[in-house]
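Enquirer:
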Amino acid sequence: MDILDAIAPLLRVSQLCNLWQWRVDPSARLLQRSRWLELYSLVILFVSSGYLLYGLFDESRDESDEGGNETSNIGHTVDYIQLVGIRVAHITSLLEALWQRQTQQRFFAQLREIDRDFASMLHIDVDNAKLRQQMTRRGLWMLAGYIISQSFIIVTKMFSPDHKFPIYWICYLLPLLVCGLRYFQIYTAVLIVHQRLELLHKLLESLQLNEADPQKPYACMCIKEALQMQVAAAACMQRLITARILYQRLWLLVGLLNRCYGLSMLFNLGNDFLAITSNCYWIFLNFRQFAASPYDFMQILGSTLWTTPHLGNVLALALMCERAAYFTTRLALSLHHIRVDLQNDSHNALVSFNFYCLLPFLLLLLLQITQFSLQLLHQRLCFSAAGFFNVDCTLLYTIVGATTTYLIILIQFHMSEISFSNASDGA
């Protein structure tokens with residue numbers, strides 16, 4: 002199965018959400034430019050930008066918030082900050098998808114060349130059908146999480162006296178789903194790279210050269226067997242050279258992936274950090290007025306579930322990028338497990354009765370292992386958010402620390418505001 006056929010459902014949904022401006026030619030399996038999709042994306046981008054600017058300079062929101070109690074004013078401010086953040090992330094995703102459409106085409110063109118190299122040079126078929134099954138399963142889990150969390154939130158807020166929340170929820174939900182789809186595009190691209198790296202790792206593990214039969218005297222080995230071992234050594238070295246070339250191309254493919262989705266990762270992760278911090282602050286405000294009623298329980302649980310999609314996106318992206326980037330270390334370990342002993346011809350993986358006939362092959366094999374080791378050292382895989390930071394598990398520590406810091410600052414300002422308000426009332 003071709004890679005474009007494997008991800009065809011994702012491409013169709015992305016076209017609907019303005020995150021993919023290419024049309025797939027069903028006969029040649031090539032990406033063709035679609036001016037209608039580009040025009041559709043431009044219209045939606047201008048409408049979204051105009052709506053964002055209108056919301057930023059709309060004075061009616063400030064007037065509607067006046068006269069409310071302290072908690073509602075703070076809650077409306079926090080909700081407004083989240084709404085602006087998700088709209089900015091949405092517009093950034095649309096803009097990057099339109100701006101980097103040529104890079105997306107080069108990404109899939111290079112990916113198909115890598116798959117052809119696996120098939121022609123190594124006789125390894127990339128199982129894109131398995132990729133489609135994994136993509137479908139993860140997409141269903143992700144969609145189920147969004148549906149459950151958002152359904153519970155809207156049911157919870159229906160008991161709230163704030164009748165404007167359904168309108169706010171709809172305005173928030175549409176950009177949230179588009180940003181979620183952008184996350185799923187990134188997940189799929191990382192999964193594609195992960196699958197090819199796993200095949201490359203299995204290839205290096207298969208190069209664990211078989212030792213000669215210790216029960217058979219080496220003097221009894223015939224010339225035919227020696228030639229067979231020379232041919233095996235040459236084939237092993239050729240596969241190792243091919244592995245180096247494929248790793249180089251996968252490293253370049255990761256660079257294209259960072260160009261395609263780096264800006265979206267930066268703004269979506271920033272929006273997730275903002276949403277997590279804001280919802281934690283909202284939970285704190287609910288706990289201050291907690292009266293052990295079912296309504297209070299539902300409000301706290303609703304704020305917690307509001308954080309779930311954002312936290313889940315951060316966790317999934319960090320873990321997937323960490324696992325894919327760790328293949329550099331795994332490849333290096335598998336590479337150095339290839340046993341080549343030039344000092345002991347009776348215990349050599351490529352030994353024959355005439356050791357010196359194989360000496361040139363052994364020296365070339367050691368040279369290829371050394372060069373591949375240097376390549377793995379200097380061309381480490383990393384997934385970057387537009388060059389600002391690498392996306393891996395260290396990002397989780399950073400987000401947790403920053404969220405704790407800003408949450409403490411917000412709580413201190415809140416306590417100071419309460420003390421100042423009580424002092425003013427007493428005076």
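Taking our numbering, the leading residue of the sequence shown gets 2, the next gets one more, and so forth. In this text, a Cβ means the ideal position worked out from N, Cα and C, and glycines have one as well. If you're wondering where the values come from, they're calculated on a predicted model, not measured in any experiment.
Pairing CB atoms from the segment 368 to 382 with CB atoms from the segment 232 to 247, are three or more of them under 8 Å?
Expert: Touching, yes.
Enquirer: Does the separation of the CB atoms of N314 and Y184 fall below 7 Å?
Expert: In this structure, Y184 lies closer than 7 Å to N314 by Cβ.
Enquirer: For the beta strand (DSSP E) containing Q33, list its first residue and its last residue.
Expert: That run of the beta strand (DSSP E) goes 32 to 34.
Enquirer: Taking the continuous beta strand (DSSP E) assigned at V25, which residues delimit it?
Expert: That run of the beta strand (DSSP E) goes 23 to 25.
Enquirer: Of the residues I193, A120, L320, which one's Cα is nearest the Cα of L132?
Expert: Of the listed residues, the one whose Cα sits closest to L132 is I193.
Enquirer: If we ignore side chains and look at the alpha-carbon of each, how far apart do L174 and Q135 end up?
Expert: Cα to Cα, the separation comes out at about 26 Å.
Enquirer: Assuming L38 contacts V25 (C-beta within less than 8 Å), just tell me the rounded distance between them.
Expert: Rounded, the Cβ-Cβ distance is 12 Å, inconsistent with contact.
Enquirer: If we ignore side chains and look at the alpha-carbon of each, how far apart do L253 and G303 end up?
Expert: Rounded to the nearest angstrom, the two C-alpha atoms are 43 Å apart.
Enquirer: What is the C-beta distance between L247 and I115, in whole angstroms, given that I count them as a contact (C-beta under 8 Å)?
Expert: The pair is a contact, with the Cβ atoms about 7 Å apart (cut-off 8 Å).
Enquirer: Hey, would you say the C-beta of A110 is under 6 Å away from at least one heavy atom of the ligand GTP?
Expert: For the structure depicted, the ligand GTP is absent and the ligand set is empty, with no information on it obtainable.
Enquirer: Kindly list the residues whose CB is nearer than 7 Å to the CB of V112, restricted to its own chain and excluding five residues on each side of it in sequence; keep chain order.
Expert: For clarity, residue 112 is Leu in the given sequence; the question names Val instead. Counting only Cβ-Cβ distances below 7 Å, and skipping sequence neighbours, we find I4, I193, L254.
Enquirer: Under DSSP, the alpha helix (DSSP H) around M321 begins and ends at which residues?
Expert: Its alpha helix (DSSP H) spans residues 295 to 326.
Enquirer: Put N19 into one of helix, strand or coil per three-state DSSP.
Expert: N19: coil per DSSP, three-state reduction.
Enquirer: As a quick exercise: from L95, I171, Y407, H338, pick the residue whose alpha carbon is nearest that of L275.
Expert: Closest option to L275, Cα to Cα, is Y407.
Enquirer: Indicate whether P176 and H311 have their beta-carbon atoms separated by less than 7 Å.
Expert: No, they are not a contact pair.
Enquirer: Could you tell me the boundaries of the alpha helix (DSSP H) in which M2 lies?
Expert: That residue, M2, is in no alpha helix (DSSP H); it is neither H nor E in DSSP.
Enquirer: To the nearest angstrom, how far is the alpha carbon of F373 from that of L204?
Expert: Taking the straight line joining both Cα atoms gives about 14 Å.
Enquirer: If you reduce the DSSP assignment to three classes, tell me which class S335 lands in.
Expert: S335 falls in the helix class under three-state DSSP.
Enquirer: In whole angstroms, what is the alpha-carbon distance linking M266 and A386?
Expert: Each residue's Cα considered, the two are about 5 Å apart.
Enquirer: Return yes when the Cβ of V79 is within less than 7 Å of the Cβ of W283, no when it is not.
Expert: It is a contact, given that the beta carbons lie within the stated cut-off.
Enquirer: Going by beta carbon distance, what residues of the same chain come within less than 7 Å of L182, once the five residues before and after it are set aside?
Expert: Excluding sequence neighbours, L182 sits near V14, S15, C18, L20.
Enquirer: Going by CA-CA distance only, name the one from Y52, S417, N280, Q186 that's closest to N259.
Expert: Selected option, being the one with the closest Cα: Q186.
Enquirer: For S28, does the three-state DSSP call read helix, strand or coil?
Expert: Note: S28 maps to coil in three-state DSSP.
Enquirer: Are there 16 or more other CB atoms within 10 angstroms of the CB of V48, so buried, or fewer, so exposed?
Expert: That one is exposed.
Enquirer: Check this for me: beta carbons of A9 and N129, under 7 Å apart or not?
Expert: Their beta carbons are not under 7 Å apart, which means A9 does not touch N129 by this criterion.
Enquirer: Measure the alpha-carbon distance for C172 versus V191 and round it to whole angstroms.
Expert: Roughly 30 Å between the two C-alpha positions.
Enquirer: For D393, collect the residues of the same chain with a Cβ closer than 7 Å to its Cβ; drop the 5 residues on either side in sequence, then sort them by chain order.
Expert: Excluding positions up to five away in sequence, the list reads A319, C322, E323, A326.
Enquirer: S385 bridges to which residues according to DSSP?
Expert: Its beta-bridge partners are N391.
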